[in-house]
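In UniProt numbering, the protein residues as written are 1 to 504.
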């Protein structure tokens, strides 16, 4: 029996179900490609129609397709040999691309489709990520990247592309598809059976079609009793979760959605906090922030006691409480943003916390729990600038560290200039605290030469005063040494008191 997901794959964008806004945005990207010439990323959960939409678009536009998927060895050489050649307007056979049904100057185009663009890593894909980034920047042909998790892609690749999110397909949109398949296959059905399949797949249209095919194997009808598939063991995505909490579901339903997301309560609270003002009215936001404050209190108790049973109270407030703060359901589409203080990597976070602990004389745990949140708040988006420069100087932070603490982009000119000024400030303070050590180096050498000349003269004259002078010199030297020791002692005391205020 043929695979129904392939047999009934949409042949045109108009047949793509459940993501009308994404579908229309994708079509507009293709129509206006000559104006912007940018690659596009289609991202969303598996089974929502991203790859099908790409092939349907190519069919609508009359474009040939070149596809490189996860089963291929996606090294830099392979990407250049296949996708790179297509991007430079040559067919896989090396000749100029042929015509198509699109007509006009678009007929010679090839749509390059790179599947699982968020899953290029390790030795097996050596050089693949950088090769794709280079490809999308230099391509003379339209490129579509397919990804499940947009933020698993490199920052450089995200910055070089447009992005279109495909949301999970609702059960309301899945049921008509299942009904059409049944009619085309001559299968009688109970509506409740199709509804159960749709709801059991949590937005996965491809999974629903597969379940329908399995349930009707060897049958010419399907009833509720024939549907034996339970809920798929599938984690809820972050964006559907935000829709559930901020727009759609009741407090109880939002709480269940929180349990279905594969994220910690700390991370869920940050996502909600970062996006609530984009959805809620001011009066709703005031109530929501009360619940978020309560959630933060419980998270603080978790960090202080390591008793993770308190997590459930944080989730109650962050998910159910924020949902209850909303006045009814909300419609429309919202572009959700990544939390501003989201670490660029665990390595960056550990490095920053380690530097804070070393400079502040506290434990790493204290630096992470108490000092870092304070620094994040007072230097948010590098404002005020002077304070941000002082912080970067105090903890000797590079661009990645400043971006991590402030929530600003690592590659921005603002962050680069702050690091530059911080380094200059550190150098000034080193010279200032050296108590003239650098400036006295040459003078000290001149004094030594003068002492040596005086000693030679005294030896020639046989004058005992030379010995007296020498003794005097040694006494003075000893005094100088003692003074230097006192100065060094004072400097060590100053170093023990070093902190952020020394750099302001």
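For each residue, glycine too, the CB sits at the ideal point set by N, CA and C.
Considering only C-alpha positions, which residue in the set 431, 409 and 416 is nearest to residue 159?
Per the Cα distances, 409.
When burial is assigned at 16 or more other CB atoms within 10 Å of the CB, is residue 240 buried or exposed?
Its Cβ being crowded by 16 or more others within 10 Å, residue 240 is buried.
Quick one: Cα of residue 498 to Cα of residue 395, how far?
Annotation note: pLDDT 48 at residue 498 (below 50); position unreliable, coordinate value reported separately. Straight-line Cα distance between these residues: approximately 11 Å.
Check each candidate in 296, 272 and 297 and name the one with the smallest Cα separation from residue 285.
Residue 285 has its Cα closest to that of 272, out of 296, 272 and 297.
Pick from 154, 205, 137 and 155: whose alpha carbon is nearest that of residue 168?
Taking only the C-alpha atoms, the option nearest residue 168 is 205.
Taking only three categories from DSSP, how would you classify residue 187?
DSSP places residue 187 in coil when its eight states are reduced to three.
Among all the DSSP beta bridges, which residues are the ones paired with residue 388?
Bridge partners of residue 388: none, in fact.
Pull up the DSSP beta-bridge partners for residue 144, would you.
Paired residues: 40 and 113.
Flag this pair as touching only if the stretch 318-331 and the stretch 285-294 have three or more C-beta atom pairs under 8 Å; answer yes or no.
Short answer: they touch.
Between which residues of its own chain and residue 223 is the CB-CB distance below 7 Å, once the five residues before and five after are set aside?
Around residue 223: 190 and 193.
Compare the Cα-Cα distances from residue 196 to each of 184, 209 and 185 and report the closest residue.
Out of 184, 209 and 185, 209 has the C-alpha closest to the C-alpha of residue 196.
Provide the residue span of the alpha helix (DSSP H) that contains residue 216, from first to last.
Residue 216 -> no alpha helix (DSSP H), and no H or E assigned at all.
Is residue 36 buried or exposed, if buried means 16 or more other CB atoms sit within 10 Å of its CB?
Per the 10 Å Cβ criterion, exposed.
Do residue 257 and residue 319 have their C-beta atoms within less than 9 Å of each other?
Their beta carbons are under 9 Å apart, which means residue 257 touches residue 319 by this criterion.
Can we count residue 348 as close to the ligand ATP, meaning its CB is less than 8 Å from some heavy atom?
Among the components of this structure there are no ligands whatsoever, and the ligand ATP is therefore not found.
Rounded to a whole number of angstroms, what is the C-alpha to C-alpha distance between residue 110 and residue 38?
Taking the straight line from one Cα to the other gives about 14 Å.
Around the C-beta of residue 430, are 16 or more other C-beta atoms found within 10 angstroms, so that it is buried, or is it exposed?
Exposed.
On the DSSP letters alone, give me the boundaries of the alpha helix (DSSP H) that residue 238 sits inside.
Taken as a continuous stretch (DSSP letters only), the alpha helix (DSSP H) holding residue 238 covers 238-243.
Looking at the structure shown, is residue 302 part of a helix, part of a strand, or coil, going by DSSP?
Helix.
Give every residue of the same chain whose Cβ lies closer than 6 Å to the Cβ of residue 341, excluding the five residues on either side of it in the sequence, and list them in chain order.
A caution first: residue 341 carries a pLDDT of 49, below 50, which makes its placement in the model unreliable, though a value can still be read off. Hits under 6 Å: 376 and 407.
How long is the line joining the alpha carbons of residue 3 and residue 217, rounded to whole angstroms?
About 12 Å.
Could you please give the first and the last residue of the uninterrupted beta strand (DSSP E) stretch that includes residue 66?
Taken as a continuous stretch (DSSP letters only), the beta strand (DSSP E) holding residue 66 covers 64-68.
Identify whether residue 221 lies in helix, strand or coil by the three-state DSSP scheme.
Residue 221: strand per DSSP, three-state reduction.
With residue 376 as the anchor, note down where its alpha helix (DSSP H) starts and where it stops.
First-last of the alpha helix (DSSP H) with residue 376: 372-378.
Is the beta carbon of residue 264 sitting closer than 9 Å to the one on residue 311?
Cβ distance < 9 Å, so residue 264 and residue 311 count as in contact.
Select from 118, 266 and 358 the residue whose C-alpha is nearest the C-alpha of residue 294.
Here the closest residue by C-alpha is 266.
Could you check if residue 381 is buried or exposed, using at least 16 other CB atoms within 10 Å of its CB as the buried criterion?
Residue 381 is exposed by the Cβ-count criterion.
Are the CB atoms of residue 398 and residue 419 within a distance shorter than 9 Å?
Yes; because the gap between Cβ atoms is below 9 Å, this pair is in contact.
How many Å lie between residue 432 and residue 338 at the Cα?
Distance between the alpha carbons of residue 432 and residue 338: 42 Å.
Please report the residue range of the beta strand (DSSP E) in which residue 165 lies.
Run containing residue 165: 161-165, per the beta strand (DSSP E) assignment.
Locate the alpha helix (DSSP H) running through residue 406, then write down its first and last residues.
Taken as a continuous stretch (DSSP letters only), the alpha helix (DSSP H) holding residue 406 covers 399-406.
Short check: CB of residue 161 to CB of residue 41, under 9 Å?
Yes. Within cutoff.
Between which two residues does the alpha helix (DSSP H) carrying residue 23 extend?
That run of the alpha helix (DSSP H) goes 20-31.
Within the continuous alpha helix (DSSP H) that includes residue 8, where are the two ends?
Taken as a continuous stretch (DSSP letters only), residue 8 belongs to no alpha helix (DSSP H), as it is neither H nor E.
Tell me the residue span of the alpha helix (DSSP H) that contains residue 55.
50-61 is the extent of the alpha helix (DSSP H) around residue 55.
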